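Numbering (our numbering), first residue to last: 43 to 323.
Okay, structure coming up:
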């Protein structure tokens with residue numbers, strides 16, 4: 043029977059309460075502000091709104107093209123996640139299971155990219171996309187959704203490969219040998235044996251890639267135009283030089299957060315298992 047001192051339980055209760063308040067209060071302020079008329083938002087702050095309205099949830103769709111920005115964000119984040127996971131699975135499996143001449147260099151360069159700030163990648167990618175348009179007439183990457191997807195892959199893919207290779211290293215090689223004895227080739231072994239075992243790690247990598255692409259601002263501000271804006275940039279349209287529609291900003295923030303939170307809750311079992319497995323390997 044485990045005995046916990048009263049002082050430890052009190053300390054744990056205080057810390058958990060503080061963390062709970064730290065998480066809940068911003069969400070409460072967001073929801074209540076979204077339900078206030080603009081006159082109340084511009085006045086002194088009220089913890090409990092005196093007038094409740096759903097008008098901000100209606101106006102937010104007409105003030106800016108929110109549906110377009112939301113669609114662009116979903117396309118960019120989902121596509122970047124899918125490509126990042128697929129490429130990372132093959133690359134990480136090769137690094138984990140095979141010994142080839144450039145293996146150490148490839149693994150080292152993958153880790154090295156994580157030590158550099160993202161700003162260093164922005165200018166080279168920007169000039170490459172601009173010159174592809176001006177010199178070769180290829181207007182497929184500059185300020186387009188495919189260009190933004192490729193941009194996000196440059197910094198989500200190295201981390202995904204590094205993380206997945208750690209998970210694959212933790213899977214016993216006896217499983218590969220047993221599958222080979224049963225007549226399975228490399229592709230069959232990967233898809234029917236390795237990937238199901240490494241599912242928590244794959245989900246953790248997918249969540250990391252999606253969240254990175256969903257909330258990124260720096261690259262999105264330079265790599266998009268009026269038609270390819272994503273939510274992180276497009277929602278700035280609620281503010282002007284003379285006013286800021288805080289209630290519509292909060293309503294839009296709450297609305298676009300719901301799908302992400304739902305997906306996160308559905309996958310949290312795999313995420314926790316993946317992060318826990320990765321921490322002990």
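We treat Cβ as the ideally placed atom computed from N, Cα and C, and that holds for glycine.
From a predicted model like this one, the values you see are computed outputs, not experimental measurements.
Checklist entry - What separation, rounded to the nearest whole angstrom, lies between the Cα atoms of residue 104 and residue 273? => result Position 62 of the chain shown, counting from 1, holds the residue named residue 104. Position 231 of the chain shown, counting from 1, holds the residue named residue 273. Approximately 15 Å, taken between the alpha carbons.
| task | Could you tell me which residues DSSP puts in a beta bridge with residue 281? | result | Locating residue 281 in the chain shown gives position 239, counting from the first residue. Paired residues: 286.
- With burial defined as no fewer than 16 other Cβ atoms inside 10 Å of the residue's Cβ, what is the status of residue 211: buried or exposed? In the chain shown, residue 211 corresponds to position 169, counting from 1. Its Cβ having fewer than 16 others within 10 Å, residue 211 is exposed.
Worksheet entry | For residue 116 and residue 135, the rounded distance between their alpha carbons | Counting from one through the chain shown, the residue named residue 135 turns up at place 93. Counting from one through the chain shown, the residue named residue 116 turns up at place 74. Looking at the two C-alpha atoms, the distance is approximately 28 Å.
- Decide if residue 321 is buried, meaning its Cβ has at least 16 other Cβ atoms within 10 Å, or exposed. Residue mapping note: residue 321 aligns to position 279 of the chain shown, counting from 1. Confidence is the limiting factor: at residue 321 the pLDDT is only 47, short of 50, which leaves the residue's position unreliable, though a coordinate-based value still follows. The residue is exposed, with fewer than 16 neighbouring Cβ atoms inside 10 Å.
**Report entry** residue 322, DSSP secondary structure in three states
**Finding:** If you number the chain shown from 1, residue 322 lands on position 280. Reliability fails at residue 322, whose pLDDT of 46 lies under 50, so the model's placement of it is uncertain and no value is given.
- Query: Hey, residue 192 and residue 183 are a contact pair by Cβ (cut 8 Å); roughly how many whole angstroms apart?
  - Reply: Here residue 192 is taken as the residue at index 150 of the chain shown, counted from 1. Here residue 183 is taken as the residue at index 141 of the chain shown, counted from 1. The pair is a contact, with the Cβ atoms about 7 Å apart (cut-off 8 Å).
ask   = What's the C-alpha gap between residue 180 and residue 266?
value = Along the chain shown, read from residue 1 onward, the residue named residue 180 stands at position 138. Along the chain shown, read from residue 1 onward, the residue named residue 266 stands at position 224. So the two alpha carbons sit approximately 16 Å from each other.
Does the beta-carbon distance from residue 109 to residue 290 come in below 9 Å?
The residue you call residue 109 lines up with position 67 of the chain shown. The residue you call residue 290 lines up with position 248 of the chain shown. If you check the CB distance, residue 109 and residue 290 do not come in under 9 Å.
**Prompt:** Taking buried to mean at least 16 other C-beta atoms within 10 Å of its own C-beta, is residue 230 buried or exposed?
**Reply:** Your numbering for residue 230 matches position 188 in the chain shown. Residue 230 counts as exposed, since fewer than 16 other C-beta atoms from the protein chains shown sit within 10 angstroms of its C-beta.
- Task: With residue 258 as the anchor, note down where its alpha helix (DSSP H) starts and where it stops.
- Result: Position 216 of the chain shown, counting from 1, holds the residue named residue 258. Here residue 258 belongs to no alpha helix (DSSP H), and DSSP marks it neither H nor E.
### Query
Assuming residue 260 contacts residue 164 under a Cβ cut-off of 8 Å, what Cβ separation, rounded to an integer in Å, is found between them?
Locating residue 260 in the chain shown gives position 218, counting from the first residue. Locating residue 164 in the chain shown gives position 122, counting from the first residue. 7 Å between Cβ atoms; contact.
Using a Cβ distance threshold of 8 Å, determine whether the region 287–304 contacts the region 125–134, with at least three qualifying pairs required.
Judged by Cβ distances under 8 Å, the region 287–304 makes no contact with the region 125–134, as fewer than three pairs qualify.
Close-in-space but distant-in-sequence residues of the same chain around residue 222 (CB under 8 Å, 5 per side omitted):
Against the chain shown, residue 222 aligns to sequence position 180. Within the same chain, residue 222 has close Cβ partners 231.
**Report entry** Distance between residue 286 and residue 150 (C-alpha atoms, nearest Å)
**Finding:** Start at 1 with the first residue of the chain shown, and residue 150 comes out as number 108. Start at 1 with the first residue of the chain shown, and residue 286 comes out as number 244. Each residue's CA atom was taken as its position, placing residue 150 and residue 286 some 47 Å apart.
Which term fits residue 224, buried or exposed, when burial requires 16 or more other beta carbons within 10 angstroms of its beta carbon?
Counted from its first residue, the chain shown places residue 224 at position 182. Residue 224 is exposed by the Cβ-count criterion.
**Spatial distance of residue 99 from residue 78 (CA atoms)** = Here residue 99 refers to the residue found at position 57 of the chain shown. Here residue 78 refers to the residue found at position 36 of the chain shown. Approximately 10 Å, taken between the alpha carbons.
Indicate the three-state DSSP secondary structure (helix, strand or coil) for residue 213 in the structure shown.
For the purposes of this step, residue 213 is identified with residue 171 of the chain shown, where counting begins at 1. In the structure shown, residue 213 sits in coil (DSSP, three-state: anything other than H, G, I, E or B).
For this session: Would you tell me roughly how many angstroms separate the C-alpha atoms of residue 121 and residue 50, rounded to the nearest one?
Result: Against the chain shown, residue 121 aligns to sequence position 79. Against the chain shown, residue 50 aligns to sequence position 8. Roughly 46 Å between the two C-alpha positions.
Do you know offhand how far residue 228's Cα is from residue 146's? Numbered from 1 along the chain shown, position 186 holds the residue referred to as residue 228. Numbered from 1 along the chain shown, position 104 holds the residue referred to as residue 146. About 22 Å.
- How about residue 133 and residue 235: do their beta carbons lie closer than 9 Å? As a working mapping, residue 133 is identified with position 91 in the chain shown. As a working mapping, residue 235 is identified with position 193 in the chain shown. In this structure, residue 235 does not lie closer than 9 Å to residue 133 by Cβ.
Residue span of the alpha helix (DSSP H) that contains residue 55, given as start and end:
Locating residue 55 in the chain shown gives position 13, where the first residue counts as 1. Where residue 55 is concerned, the enclosing alpha helix (DSSP H) stretches over 48–76.
message = I need the straight-line Cα distance from residue 246 to residue 70, nearest angstrom please.
response = Here residue 246 refers to the residue found at position 204 when the chain shown is read from its first residue. Here residue 70 refers to the residue found at position 28 when the chain shown is read from its first residue. Taking the straight line joining both Cα atoms gives about 28 Å.
- Message: Output needed for residue 153: all residues of its chain with C-beta closer than 7 Å, excluding positions within five of it in sequence on either side, in chain order.
- Response: Against the chain shown, residue 153 aligns to sequence position 111. Within the same chain, Cβ atoms closer than 7 Å to the Cβ of residue 153 are found at 204, the five residues on either side in sequence being excluded.
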